[in-house]
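Some notes on the structure that comes next.
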Ligand SMILES: Cc1ncc(C[n+]2csc(CCOP(=O)(O)OP(=O)(O)O)c2C)c(N)n1
Ligand SMILES: Cc1ncc(C[n+]2csc(CCOP(=O)(O)OP(=O)(O)O)c2C)c(N)n1
Ligand code: SF4
Ligand code: SF4
Ligand SMILES: [Mg+2]
Ligand SMILES: [Mg+2]
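Protein chains in written order, with the numbering used here: chain P, 1 to 597; chain A, 1 to 597; chain S, 1 to 346; chain G, 1 to 346.
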């Protein structure tokens, strides 16, 4: 038997959608996390509710790499429908655990095989019959605990956390796990090299998904109004608002916020624009199809200068596409969203931590700039479990932007103009309904208007308004989050990435250097338009690889249009099949292009 | 008095919206046209129905320039509300005709002033009192006829044409014109240099607006289904279908087409997609706001590969913008329309003649490529009167693309796959409902599908499908209309334009050379993606000016993204205030940039 | 179309002129203008402070009219068919304000149908006026969803579809206030406006408001006598003769029926609800609407009212202070709470 | 959910298996599955040639089901809420085909409301089935517009809005065929399907189809006994116990009332229309629906039918040959005609 491989492999559990394996999988994930091992958990699930194959992959990485890998060393299969595929997926030398009631041919000698008496163990469990299918999942938890060396105390802790301390479920579940563990101890002989052992690399960290983080960030950003329409993978963002707002934001039983499920996305953004116009911190959350439906209202908000925040938790498209698969494919649509000349501000969180941070920052930006601010997350970031620093309380006070109230208008004796560029930053002042000063009211519209918001068809006025909006966009460039740069001395090549692709890029850079590739500098872009730092980085390197999870190299196209002088040095490493990018793919893509220089 | 200026000036008539000046203005336009003088007529009207100022400008150009000019030499004002502005708009040395009942100060000595007894003349007219306001417009026709030297026979011809030979209206109108002419003969002394005189430059030509041309082109393209929703400036396209289809396409009282007014644009494109899927030549026509609402369905059509034609008669945006002003501002939105990775095919007619030609060609392309084909016209092209060669009967037979019927399936014994790239051009074969072969049916969807149109979440299959669509787009590149090139020897600078901006560009090139500017080569782009000829042109010149009527240089951005290697040589000459570009503006923009080389 | 200044002050200490708007840019004789006048009158007589009203509209001639009244009120001329959603969001800003929306039949019953129905179902507190002319005015005379079946319009052919009955739609969606009137019946329009503005919840007011310019039969379109001869159509869509607004002459009493001739010679029949009609009986409301439709007449008056249902705002149980006046200390939870949250994240 | 092969051939010369679809991927016990089975049965018994049916749907669990029947029919699984428009356009391709659409309550009554209402108004010839479960199944259990007011769902809170009554909406929009049934009443479902498929015009079929997985009260959601003890909720949304489809036991006679218990312990009350009920009386139809709503029960059966109104296709007076079989010589006017046109252009 070869040398042990500790805390550095991937584990995939194959079950049937709806069989309730989520508790078992999360229990494993939590136990490993509590053992101090860097991990990430990714759920690959079908777009239906019950009966189809589903896979949960836990990556253990002592070096702290959290990106998806194509290779998997340990596989657990409880699903006859995917059994063959699961068996084939095990890396040579790996381990294959399977329910012994699955009577299907096994044709591999290059891996270790471990049958598990799942049904038998579940039958012994003292739970109501209706629960047997569910509890069966605990069997593989026990077996894996024994065979990989997972600390049973941590397993217990995980269950306690999951069942919020309720003894009944904790015990029933733990009993099954423990008896399965004992069965494995007595009946299975370890013949594969994959083990876990305690480390100290998760202390002080938490695990969370991006949608929960985004909701919490929005709450700490003071969200007052959210209108949404259900859509995978964005639903859990709004649902998390429903979960956390009542405890965090009620004053003696009364709410200072409203979350409203609209009849569709056209209405969701319409309501959000209305709330933003009336002076509230307003947001909506959706995915690609919703963004397309929001195009018209987004244009109205841009031109009438209404602040609002729009979260797009991206899934792969075009069209309905694969609702449960990830991609970074809505970038160009949003950058040019709505008819006529528009320039949209886009935030690109690259971690669960930033989902929280941009959750509150987006409101400051939207109200400061008086325009829509888009935040682009995706299914991988939004719905999967990521290890992260604890969410940081907002470092800066709320920026409510340029709002005039009664007292302000009294000072100016009611003299003001809604669309006048008083400060030279392209951002005008606004009043909101409820301001009772007789000079406060103005009439919003998506039609041509002058500085006093009056309708006009005068062509010079039109052009001046549009020119001011360009100036405002230029101001935005200096307010949006700067990129994260890593520029080691001697780097010739620059790599640009964003969002959920960043972890794979960082890992790929290591692999590249190990493989004797060029030393690379890295920029993780966190917003559009490009800040000065971003532009500087782009000007600096002789070759720039732009890595993204879409087909058409969307960021590359946007950067080429924005910085045509630099465009010849751009190279696209774009790939999109519904799965998060892997470090291996990125490294192969770049090195193949490097050769042909 | 200075030397005569003949057939080379602009004439603007300022009236009140709803006062019925259209007949008078078109009568003037027709009479001049029938005199053989190259002319264009542009209507500048407000976004309301009655009571606001409206201007109609006729440009006479012996050299055949049809673009808008900023300068106007002869002005007729019947509207107190715009009187001052109208007076100020006259070029020094020009002529100002006005209704003598307008008692407003006139402070110009540098022009010729001609009061007209409009009310008095109208009162004498023997028409029912309710018609007086209308008939008053004929007074300025008569006065101008006398003062400019318009041939009265041609005026009569124009009226005869307008009233379809009905003697009553012809005579009543002509009487008023003639008596006004006589009044002018007896009472006005010509003191300005502007005259018209017969030429022979319109023989064999016709005049038409782009929306009528587009509707007719679609009819000769065999349109079978059109769903639309009213919107300025696109409405008259669908309405022209209603006008011409019954006479051109009914067989013994029965229709082989259907035109349906939908409840909104979401439904209009949905119906069109349904009709295209069911095997009909289907189209919809709209303007910017409608395009935004069509984004989601456009993505479905792209991904499920349904042929349809979408006309966008552009108006200035963002949002509702100025519904009666023109722009070329929807290019980037449409190029990247809908969420996820999409690549749209866009036709860019540059004349009324091409509105007709692309009207039928768009169907051939859509059915050949099995995808949406967008045709971008605009208000200037679509609603204004342009001189043009007569519409040319389609030179090529209809291309219905790759459709399999019962007999085809019998030959192949029912073996076929909806999304298989059999011919290597990325274009699969399709069957349509009503095909009764048991193997004909397939199930369309916007979700992930394999070659047999079956639902799948397999990531390799997804990526293969998306790669084939890229191949199809590459095929489209070779099928779309090639650009119109004018490359004189020794040209250093290239100018790229498209759509309604082309006439101004051609005139600007003349001005540039007269002003000692560089010799220019010109490419009028007629479609996206760029054909090989277009790419070659772009590679050729050291400096490329991209001229367009929008704020953000939208075509320039698209070309930079598509041809990053060439992008550093691009220069944007973009300007958008709701009016068509003028040669003067283009020439100034280019020469100022030229200086800084 | 400004209102003659009246120096007399109402209980809000305001003159009638304090309620006026910009001059109308609609056609002379457009029914929409008389409605704008009645809105001014109603608000003045109800002593409403203009700053405490929010005006909304979609896109259309009708949707332009909010600029023709209440200059001192905030307002938003939104998107075609989308006023329902922007108003629904805006009312959360300051719950002390009243919302007043003006839409058209195309804006509400065609493109806006979905949003309208859901706004009604949510009992959004708003006075929602539909200026119903059965046609698309601003885009020059296409059919709207409330056009009579069989109506023939220039370039449009004949309308093959059944008309949408806005009151019936409101009722089906459980509106808590449903009324219909006729622009030419200023007295009734004003009374119903006052009732609507005093209602807590959604108040749908379907006001028949003839389009003088486009709602014409093809055969009648712009016909004039040339000289001494018989009538002939003038093919000049850009000529719009100045016509007077249609005003119902004399008293139009409850329970009576009145035929009104429109500018194009066509006519509509109005039936004013009896004094003893009970507007709280929903099944009765359905019955009279269904019956009126069969008899091809238009019921005017307050058709249904329910004052018991909570409004959308009620269901959210909001703090008393206007949400848009809240500040960071109200809106950002304390730092300690975030530690608790982080602890929950395992 | 494939149908047991039956070798017996119908008048179309087809076996029942010729009407089957792919295996269902819906939850075991989902009401939608039983409806798919009845569609197969109805088409088989009506001797319909599958190639002469076009299937349509929007997006949702319900909208997936067209792949579970009639494999040999063309179909399109379109966009969420947008089946009405794609079907409206598609029927013009070959007017000899019949359209059959399956939608959900969210798909039709929430996002699809506008399109649905206008499709009905136009009397588009289609059998339009709404598999109504009062919830968004595919997105895991949010409220739909037909959800009971006051219903409490996990993470959603309580539903404050009045439910949409799909039959009432269809009726208000002048549907020519309005019926309601319950997925568990296979006999009635099949009979109404046959009637709908034989109707010329829009046939709206609102079928109550319980969602076994999500349409649960919060307090009842996934409760199980751990060991010997009392029930406690299992917070495991990914665990969906296999449940049986609800079938109404025994005879459910016309005129009678039946209470049906759903998987989550809640229940609905069904009232089957009397034999002597006259479905051609529209005002009566409004009345019983309005009354049933007050009494909080669901009328099942054929509620309204009107066989006189022309369908959308009728109004276009099309040539007899299917439009999609026409060729260039039919569609491109002769060259001479263009000369005439050019002459018209001045
Ligand atoms: C999305 C969109 N589609 C179409 C239009 C064009 N449009 C402007 S007003 C209007 C119809 C107005 O009709 P109605 O609501 O009845 O108002 P009216 O003018 O009759 O008072 C239309 C279709 C638009 N502005 N936006
Ligand atoms: C434009 C758009 N918005 C949202 C979604 C997400 N979505 C998919 S199905 C669905 C609701 C389905 O509910 P219903 O129609 O009642 O069908 P059911 O699953 O209950 O049978 C939603 C909101 C989508 N696919 N497209
Ligand atoms: S067109 Fe009709 S609706 Fe519009 S303003 Fe004129 S009369 Fe009124
Ligand atoms: S989730 Fe509900 S609606 Fe969807 S398949 Fe399961 S039971 Fe049916
Ligand atoms: Mg109208
Ligand atoms: Mg449902």
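Cβ coordinates follow ideal geometry from the N, Cα and C atoms, glycine included.
| task | Tell me residue 241 (chain P)'s beta-bridge partners as DSSP assigns them. | result | Sequence index remark: in the first chain, residue 241 (chain P) carries index 241 (1-based). According to DSSP, which records beta bridges pairwise, residue 241 (chain P) is partnered with nothing at all.
| task | Sort P:396, P:525, P:377, P:590 by Cα distance to residue 233 (chain P) and report the nearest one. | result | As a first step, residue 233 (chain P) must be located in the first chain, where it is residue number 233. Nearest C-alpha to residue 233 (chain P): P:377.
| request: For residue 222 (chain S), count neighbouring Cβ atoms within 10 angstroms of its own Cβ and tell me buried if that reaches 16, exposed if not. | output: Your numbering for residue 222 (chain S) matches position 222 in the third chain. Because the pLDDT at residue 222 (chain S) is just 43, under 50, the model does not fix this residue reliably, and the value given afterwards should be weighed accordingly. Classification of residue 222 (chain S): buried, given that the 10 Å Cβ count is 16 or more.
| query | Buried or exposed: where does residue 188 (chain G) fall if 16 or more other Cβ atoms within 10 Å of its Cβ makes it buried? | reply | In the fourth chain, the residue the question calls residue 188 (chain G) occupies position 188. Flag for residue 188 (chain G) reads buried.
| Residue-level contact to chain P via CB, residue 28 (chain G), 8 Å cutoff | Position 28 of the fourth chain holds residue 28 (chain G). Taking Cβ atoms only, chain P reaches closer than 8 Å to residue 28 (chain G), which makes this a yes.
| Do you know how far the Cα of residue 115 (chain S) is from the Cα of residue 327 (chain G)? | Locating residue 327 (chain G) in the fourth chain gives position 327, counting from the first residue. Locating residue 115 (chain S) in the third chain gives position 115, counting from the first residue. Computed Cα separation, rounded: 42 Å.
| message | Below 9 Å on C-beta distance, what does residue 113 (chain G) contact in chain P? | response | Your numbering for residue 113 (chain G) matches position 113 in the fourth chain. Those within 9 Å of residue 113 (chain G) in chain P are 263, 264.
| request: Would you list the residues whose beta-carbon is nearer than 5 Å to any heavy atom of ligand 3, in the order they occur in the chain? | output: A:49, S:26, S:27, S:30, S:61, S:137, S:211, S:212, S:213
| task | Thinking residue 83 (chain P) and residue 90 (chain P) are a contact (beta carbons under 8 Å), I'd like their distance in whole angstroms, please. | result | Indexing the first chain from 1 puts residue 83 (chain P) at position 83. Indexing the first chain from 1 puts residue 90 (chain P) at position 90. Their Cβ separation, rounded to whole angstroms, is 12 Å, which puts residue 83 (chain P) and residue 90 (chain P) out of contact at 8 Å.
| request: List the residues of chain A whose Cβ lies closer than 9 Å to the Cβ of residue 309 (chain G), in chain order. | output: Mapped onto the fourth chain, residue 309 (chain G) falls at position 309. The premise fails here: residue 309 (chain G) is roughly 17 Å from chain A at the closest Cβ pair, so nothing lies under 9 Å.
| Should residue 619 (chain A) be counted as a contact of ligand 1 given a C-beta to heavy atom distance under 7 Å? | Residue 619 (chain A) lies beyond the stretch modelled for chain A, which goes from 1 to 597, so this question has no answer here.
| request: Starting from the beta carbon of residue 52 (chain P), find every residue of chain G whose beta carbon is closer than 8 Å, and list them in chain order. | output: Numbered from its first residue, the first chain carries residue 52 (chain P) at position 52. Result: 25.
| query | Cβ of residue 503 (chain P) within 8 Å of Cβ of residue 66 (chain P)? | reply | Here residue 503 (chain P) corresponds to residue number 503 of the first chain, with the count starting at 1. Here residue 66 (chain P) corresponds to residue number 66 of the first chain, with the count starting at 1. Yes, the pair counts as a contact, with Cβ atoms nearer than the cut-off.
| query | Which residues does DSSP pair with residue 132 (chain G) in a beta bridge? | reply | Taking the fourth chain and counting its residues from 1, one reaches residue 132 (chain G) at position 132. DSSP output for residue 132 (chain G) lists G:208 as bridge partner(s).
| query | the region 411–445 of chain A: which residues have C-beta closer than 9 Å to a C-beta of chain G, in chain order? | reply | 431, 432, 433, 434, 435, 436, 437, 438, 439, 440, 441, 442, 443, 444, 445
| said: Given the structure, does residue 35 (chain G) come close to ligand 2, in the sense that its CB is under 7 Å from one of the ligand's heavy atoms? | reply: In the fourth chain, the residue the question calls residue 35 (chain G) occupies position 35. Not under cutoff, so the answer is no.
| Regarding residue 135 (chain G) and ligand 6, is the C-beta to nearest heavy atom distance less than 7 Å? | In the fourth chain, the residue the question calls residue 135 (chain G) occupies position 135. Correct: residue 135 (chain G) has its Cβ closer than 7 Å to ligand 6.
| query | Among A:580, A:473, A:339, which has the Cα closest to the Cα of residue 373 (chain A)? | reply | Along the second chain, read from residue 1 onward, the residue named residue 373 (chain A) stands at position 373. Considering only alpha carbons, the answer is A:473.
| request: Using 7 Å as the cut-off, classify the Cβ of residue 104 (chain S) as near or not near the heavy atoms of ligand 1, replying yes or no. | output: Here residue 104 (chain S) is taken as the residue at index 104 of the third chain, counted from 1. The answer is yes for residue 104 (chain S).
| task | Compare the beta carbon distance of residue 360 (chain P) and residue 220 (chain P) with 8 Å and say whether it is the shorter of the two. | result | On the first chain, residue 360 (chain P) is found 360 positions in, with the first residue counted as 1. On the first chain, residue 220 (chain P) is found 220 positions in, with the first residue counted as 1. A contact, by the Cβ cut-off of 8 Å.
| So residue 123 (chain S) packs on residue 206 (chain P), CB below 8 Å; how close in whole Å? | By 1-based counting over the third chain, the position of residue 123 (chain S) is 123. By 1-based counting over the first chain, the position of residue 206 (chain P) is 206. Not really, about 42 Å apart at Cβ, beyond 8 Å.
| query | Hey, does residue 409 (chain P) have any beta-carbon neighbour from chain S nearer than 8 Å? | reply | Numbered from its first residue, the first chain carries residue 409 (chain P) at position 409. With 8 Å as the cut-off, residue 409 (chain P) does not count as an interface residue toward chain S.
| request: Report yes if the C-beta of residue 229 (chain P) is less than 7 Å from at least one heavy atom of ligand 2; otherwise report no. | output: In the first chain, residue 229 (chain P) corresponds to position 229, counting from 1. Yes, ligand 2 has a heavy atom inside 7 Å of this Cβ.
| Unbroken stretches of the alpha helix (DSSP H), 4 residues or longer, contained in the region 108–143 of chain P | 118–124
| message | Any C-beta of chain G within less than 8 Å: which residues of the region 168–185 of chain P qualify? | response | 168, 169, 171, 172
| query | Does the beta carbon of residue 144 (chain S) fall short of 7 Å from some heavy atom of ligand 5? | reply | Along the third chain, one-based indexing puts residue 144 (chain S) at 144. Yes; taking the cut-off as 7 Å, the Cβ of residue 144 (chain S) has a heavy atom of ligand 5 nearer than that.
| task | Kindly give me the distance between the Cβ atoms of residue 21 (chain P) and residue 187 (chain P), rounded to whole angstroms, as I take these residues to be in contact under 8 Å. | result | The residue labelled residue 21 (chain P) in the question sits at position 21 within the first chain. The residue labelled residue 187 (chain P) in the question sits at position 187 within the first chain. With 8 Å as the limit, residue 21 (chain P) and residue 187 (chain P) do not qualify as a contact, their Cβ atoms being about 22 Å apart.
| query | If you draw a straight line from the alpha carbon of residue 489 (chain A) to that of residue 370 (chain A), how long is it in whole angstroms? | reply | Residue 489 (chain A) sits at position 489 when you count from the first residue of the second chain. Residue 370 (chain A) sits at position 370 when you count from the first residue of the second chain. Answer to the nearest angstrom: the Cα atoms are 40 Å apart.
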